[in-house]
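According to this note's numbering, the sequence shown is numbered sequentially starting from 2.
Each residue gets a CB set at the ideal place from its N, CA and C atoms; glycine is no exception.
To keep things clear, I will list the structure first and then write my remarks on it.
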Amino acid sequence: MILVKNLCFSYNPSSPYILNNINLHIESGSYVSILGENGSAKSTFVKLILGFLKPSSGSIDINTTEIGYVPQRMESYNSQFPITVYEMLSCHLKALKLKNKDLITESLEKVGMLGFKNSLIGKLSGGQQQKIFIARSIMAVPKLLVLDEPSTGIDTMSQKEIYEILKELNVKHNVTVLSIEHNLNAAIENSTHIYKLEKGNGILYTAEEYKNI
């Protein structure tokens with residue numbers, strides 16, 4: 002699904018690389034959690050994969066154009082804007098140039114939020130909002146789903162429900178998941194692999210290997 006070769010990146014050509022000679026092969030159907038300390042360039046790495054940034058050198062090849070993205074929850078919307086769940090998803094459907102309104106219903110059903118389609122998005126709890134953002138990201142039926150700290154600022158029960166949704170998308174619907182994580186326990190429990198970024202480089206472990214480190 003993703004092949005990274007000799008990737009180097011710096012925001013400033015005169016500065017040292019913050020990612021240096023990264024090589025990574027992610028198989029289709031994997032669930033990979035990216036771990037690392039603050040400042041280890043996790044978000045930068047994901048932005049490179051998504052094409053938001055360009056490598057200083059090296060290459061990133063992705064074997065699909067069908068990619069869903071869930072940014073950090075606080076970056077995802079203006080909570081004061083008076084828009085319902087259905088209206089927001091309808092706007093996104095239009096932006097994707099899709100006309101099948103059934104995709105809204107289907108995505109909400111997958112995250113257990115169909116009953117909230119007429120609710121104002123700003124009135125929902127943090128966990129409910131995150132489920133809606135996941136629903137938005139899967140309306141185009143992506144083969145790759147990328148998330149940035151999906152459980153940040155969310156209560157424990159909602160975290161459990163969100164990881165259950167991601168696991169089902171991965172196992173039942175064969176969606177490859179790539180997720181920046183700060184939740185170590187959730188990463189080990191749900192991922193097939195852990196990618197640990199440290200000092201500009203990374204190591205790929207199976208979840209079982211990482212558990213025994």
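Note to self: My output table needs one value for G40: the three-state DSSP class, helix, strand or coil.
What the structure shows: Taking the sequence shown and counting its residues from 1, one reaches residue 40 at position 39. Note: G40 maps to coil in three-state DSSP.
Next item on the list: Could you please give the first and the last residue of the uninterrupted beta strand (DSSP E) stretch that includes E150?
Entry: Within the sequence shown, numbered from 1, the residue matching residue 150 stands at position 149. Segment: none, E150 is in no beta strand (DSSP E) and carries neither H nor E.
Notebook entry, point to check: Relative to the alpha-carbon of V71, which residue among Q130, E209, E162 has its alpha-carbon at the smallest distance?
Noted result: Residue numbering aside, residue 71 sits at position 70 when the sequence shown is read from its first letter. Checking every option, the nearest Cα to that of V71 belongs to Q130.
Next item on the list: Please confirm whether L121 and T85 have their CB atoms less than 8 Å apart.
Entry: To locate residue 121, count along the sequence shown from 1; it is residue 120. To locate residue 85, count along the sequence shown from 1; it is residue 84. Their beta carbons are under 8 Å apart, which means L121 touches T85 by this criterion.
Next item on the list: Could you round the C-beta distance between E67 and L145 to whole angstroms and report it? I think they count as a contact, below 8 Å.
Entry: Here residue 67 refers to the residue found at position 66 of the sequence shown. Here residue 145 refers to the residue found at position 144 of the sequence shown. Yes, E67 and L145 are in contact; Cβ-Cβ is about 7 Å, under 8 Å.
Check: Around the Cβ of N101, are there at least 16 other Cβ atoms within 10 angstroms (buried) or fewer (exposed)?
Finding: Translated into the one-based positions of the sequence shown, residue 101 becomes position 100. N101 should be labelled exposed.
Check: Counting pairs of beta carbons, one from the segment 201 to 212 and one from the segment 9 to 22, are three or more of them closer than 8 Å?
Finding: yes
Note to self: Between which residues of its own chain and S108 is the CB-CB distance below 6 Å, once the five residues before and five after are set aside?
What the structure shows: On the sequence shown, position 107 is the one that residue 108 refers to. So the list reads A136, I139, M140, once near-sequence residues are dropped.
Check: Hey, would you say L97 sits closer than 8 Å to G59, going by beta carbons?
Finding: Numbered from 1 along the sequence shown, position 96 holds the residue referred to as residue 97. Numbered from 1 along the sequence shown, position 58 holds the residue referred to as residue 59. Taking 8 Å as the Cβ cut-off, L97 and G59 do not qualify as a contacting pair.
Notebook entry, point to check: Three-state secondary structure (DSSP) at E190?
Noted result: Indexing the sequence shown from 1 puts residue 190 at position 189. Three-state result, E190: helix.
Check: According to the neighbour-count rule (16 or more other Cβ atoms, all chains shown, within 10 Å of its Cβ), is L94 buried or exposed?
Finding: Residue 94 sits at position 93 when you count from the first residue of the sequence shown. Counting Cβ neighbours within 10 Å, L94 comes out buried, since at least 16 surround it.
Notebook entry, point to check: If you draw a straight line from the C-alpha of L167 to the C-alpha of T157, how long is it?
Noted result: Working through the sequence shown from its first residue, we reach residue 167 at position 166. Working through the sequence shown from its first residue, we reach residue 157 at position 156. C-alpha separation (whole angstroms): 15 Å.
Check: Where DSSP assigns a beta bridge to D62, which residues make up the other side?
Finding: Counted from its first residue, the sequence shown places residue 62 at position 61. Beta-bridge pairing links D62 to L4.
Item checked: Three-way DSSP call (helix, strand, coil) for Y12 in this model -> Taking the first residue of the sequence shown as position 1, residue 12 is located at position 11. In this structure, Y12 counts as coil in the three-state DSSP scheme.
Notebook entry, point to check: For the beta strand (DSSP E) that V178 lies in, which residues bound it at each end?
Noted result: One-based indexing of the sequence shown puts residue 178 at position 177. V178 -> beta strand (DSSP E) spans 177 to 181.
Notebook entry, point to check: According to DSSP, which residues form a beta bridge with T207?
Noted result: Reading the sequence shown from its first residue, position 206 is the one you call residue 207. T207 pairs with H194.
Next item on the list: Pick helix, strand or coil for S34, following the three-state DSSP scheme.
Entry: Taking the sequence shown and counting its residues from 1, the one referred to as residue 34 is at position 33. In this structure, S34 counts as strand in the three-state DSSP scheme.
Next item on the list: Measure how close the beta-carbons of I50 and V147 come, nearest whole angstrom, since I'm counting them as under 8 Å.
Entry: The sequence position of residue 50 within the sequence shown is 49, counting from 1. The sequence position of residue 147 within the sequence shown is 146, counting from 1. About 7 Å separates the two Cβ atoms, so the contact holds.
Next item on the list: Just grab the DSSP bridge partners of G127 for me.
Entry: By 1-based counting over the sequence shown, the position of residue 127 is 126. DSSP lists no partner for G127.
Next item on the list: For D149, collect the residues of the same chain with a Cβ closer than 6 Å to its Cβ; drop the 5 residues on either side in sequence, then sort them by chain order.
Entry: Residue numbering aside, residue 149 sits at position 148 when the sequence shown is read from its first letter. The answer, listed in chain order, is P72, Q73, I181.
Checklist line | Beta-carbon gap between L25 and V5 smaller than 8 Å | finding: Here residue 25 refers to the residue found at position 24 when the sequence shown is read from its first residue. Here residue 5 refers to the residue found at position 4 when the sequence shown is read from its first residue. Yes. Within cutoff.
Checklist line | Limits of the unbroken alpha helix (DSSP H) element including H93 | finding: On the sequence shown, position 92 is the one that residue 93 refers to. It spans 86 to 96 - the alpha helix (DSSP H) in which H93 sits, taken as one unbroken run.
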